[in-house]
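Colleague: The numbers in the working numbering rise by one with no breaks, and the one at position 35 of the sequence shown is 207.
Using N, Cα and C, we set each Cβ at its ideal position, and we do this for glycine too.
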Amino acid sequence: MSLSPSLYLFPVQLSDVPLQNVLPAFNMEIISTVKYFIVENVRTARRFLKSCDKSINIDELTFFVLNQHTLATDIPAMLEPIKLGYSMGIISEAGCPAIADPGADVVAIAQSKGYNVVPLVGPSSILMSLMSSGFNGQSFAFNGYLPIEPSARNNKLKEMERRIRRERQSQIFIETPYRNNKLIEELCNTLPGDMLLCVASDITGESQSIVTKKISQWKKCEYNYNKIPTIFLLFS
Numbered sequence: 173m174s175l176s177p178s179l180y181l182f183p184v185q186l187s188d189v190p191l192q193n194v195l196p197a198f199n200m201e202i203i204s205t206v207k208y209f210i211v212e213n214v215r216t217a218r219r220f221l222k223s224c225d226k227s228i229n230i231d232e233l234t235f236f237v238l239n240q241h242t243l244a245t246d247i248p249a250m251l252e253p254i255k256l257g258y259s260m261g262i263i264s265e266a267g268c269p270a271i272a273d274p275g276a277d278v279v280a281i282a283q284s285k286g287y288n289v290v291p292l293v294g295p296s297s298i299l300m301s302l303m304s305s306g307f308n309g310q311s312f313a314f315n316g317y318l319p320i321e322p323s324a325r326n327n328k329l330k331e332m333e334r335r336i337r338r339e340r341q342s343q344i345f346i347e348t349p350y351r352n353n354k355l356i357e358e359l360c361n362t363l364p365g366d367m368l369l370c371v372a373s374d375i376t377g378e379s380q381s382i383v384t385k386k387i388s389q390w391k392k393c394e395y396n397y398n399k400i401p402t403i404f405l406l407f408s
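See the structure below:
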């Protein structure tokens, strides 16, 4: 396949399932032609590329690392291969690049330089959980992680509740997996009983569970989401 110089955004599976279950063959066809990648973690990116196409020669590839330690001033130089006429790819750790992901900084620079940016189809825990929650899909907000400090955390929950009531806006957020159960307990102790909570766990995985209940119902039911990648949604 002959490609014009572009920045390709390659989604990664959310769970340990066969790639063909969640990614189109077209993605694999493109990824085998790209030699320059911007990644969060080289080791996991190499493993992902080999699972896409075992014939890929990893030693011929060039990787640029983009994570929380990367200086903003270092990012523009990562796109130099496009300027020289080569296509590049962004690979995040899971899900879609540039969605709750540092790849957004690269895309912003690519757009400012007029480079062609090509998003590819793949799983997004944010969209898939919203699709299956029964909540408002026309107005929603992803809040990332809630504040750690208790009063700030409580204020954030109250703010989300107000936006749900006033704007009918679905609120989406995540937590460190080992704190999932504790978070549900906190939500049950903080939010009104008629508020709806959707807990979407191990999306696309073998133990996938997506459950929507009122807070009053969550208080009474048994659950265990400990150490399982999970996303949380609120609505009423």
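1. If I measure Cβ to Cβ from ILE200 and keep anything under 7 Å in the same chain, skipping five residues before and after, which residues do I get?
2. Which residues does DSSP pair with GLN341 in a beta bridge?
3. Can you list, in chain order, the residues of its chain with a C-beta nearer than 8 Å to that of LEU181? Leave out the 5 residues immediately preceding and following it.
4. Label GLY365 either buried or exposed according to how many other C-beta atoms from any shown protein chain fall within 10 Å of its C-beta, with 16 as the threshold for buried.
5. For PRO178, which beta-bridge partners are listed by DSSP?
6. On a Cα-Cα basis, can you pick out the residue from LYS392, LEU233, THR205, PRO401 that is closest to GLY474?
7. Can you have a look at PRO190 and say buried or exposed, based on whether 16 or more other CB atoms are within 10 angstroms of its CB?
8. According to DSSP, is ASN315 part of a helix, a strand, or is it coil?
9. Measure from the alpha carbon of ALA313 to the alpha carbon of each residue in LEU405, ARG338, LEU369, then state which is nearest.
10. Any heavy atom of the ligand ADP within a distance shorter than 7 Å of the CB on LYS226?
11. Assuming the contact rule is C-beta atoms closer than 8 Å, CYS360 and LYS391 should be a hit. Round their C-beta distance to whole Å, please.
12. Report yes if the CB atom of TYR258 is closer than 8 Å to the CB atom of TYR317, and no otherwise.
13. For VAL214, report the span of its alpha helix (DSSP H) as first-last.
14. Let me check understanding here. Comparing Cα to Cα, which of ASN315, GLU212, VAL184 lies closest to ILE346?
15. When the Cα of GLU331 is compared with those of GLN343, ILE320, PRO322, GLU321, which residue comes out closest?
16. Excluding the five sequence neighbours on either side, which residues of its own chain have a C-beta within less than 7 Å of the C-beta of SER408, listed in chain order?
17. Just to confirm the assignment, what range does the alpha helix (DSSP H) spanning LYS255 have?
18. Check for me: the beta strand (DSSP E) holding THR384 runs from which residue to which?
19. What does the Cβ neighbour count give for GLY294, buried or exposed, with the cut at 16 atoms within 10 Å?
20. Does the separation of the CB atoms of ASP387 and LEU363 fall below 8 Å?
21. What does DSSP give as the partner residues of TYR208 in its beta bridges?
22. What three-state label does DSSP hand SER408 in the structure shown?
Modeller: Concretely, from the data shown:
1. Just to set this straight, residue 200 is Met in the shown sequence, not Ile. Close CB contacts of MET200 within its chain, under the 7 Å cut and outside five residues either way in sequence, are with CYS224, ASP225 (chain order).
2. Answer is none; GLN341 lacks a bridge partner.
3. Same-chain partners within the cutoff: GLY261, ILE262, CYS268, PRO269, ALA270, GLY275, VAL279, VAL289, VAL290, PRO291, LEU292.
4. A residue is called buried when at least 16 other Cβ atoms come within 10 angstroms of its Cβ; GLY365 does not meet this threshold and is exposed.
5. A small fix is needed here, since residue 178 is Ser in this sequence, not Pro. Note: SER178 sits in a beta bridge opposite ASN288.
6. Outside the shown range of the chain, which is 173 to 408, sits residue 474, and nothing can be said about it.
7. Its Cβ having fewer than 16 others within 10 Å, PRO190 is exposed.
8. ASN315 falls in the strand class under three-state DSSP.
9. Among LEU405, ARG338, LEU369, the Cα nearest to that of ALA313 belongs to LEU405.
10. As presented, the structure is devoid of all ligands, the ligand ADP included, so that no description of it is given.
11. Rounded, the Cβ-Cβ distance is 5 Å, consistent with contact.
12. A distance of 8 Å or more separates the beta carbons of TYR258 and TYR317.
13. Segment 214–224, the alpha helix (DSSP H) holding VAL214.
14. If we check each option's Cα against that of ILE346, ASN315 comes out closest.
15. Taking only the C-alpha atoms, the option nearest GLU331 is GLN343.
16. The beta carbon of SER408 sits closer than 7 Å to the beta carbons of ILE336, ARG337, ASP366, MET367, LEU368 from its chain, once the five residues preceding and following it are set aside; these are given in chain order.
17. It spans 252–255 - the alpha helix (DSSP H) in which LYS255 sits, taken as one unbroken run.
18. Its beta strand (DSSP E) spans residues 381–386.
19. Buried.
20. What sits at residue 387 in the sequence shown is Ile, not Asp. Their beta carbons are under 8 Å apart, which means ILE387 touches LEU363 by this criterion.
21. According to DSSP, which records beta bridges pairwise, TYR208 is partnered with THR234, MET260.
22. Here SER408 carries a coil assignment [DSSP, helix/strand/coil].
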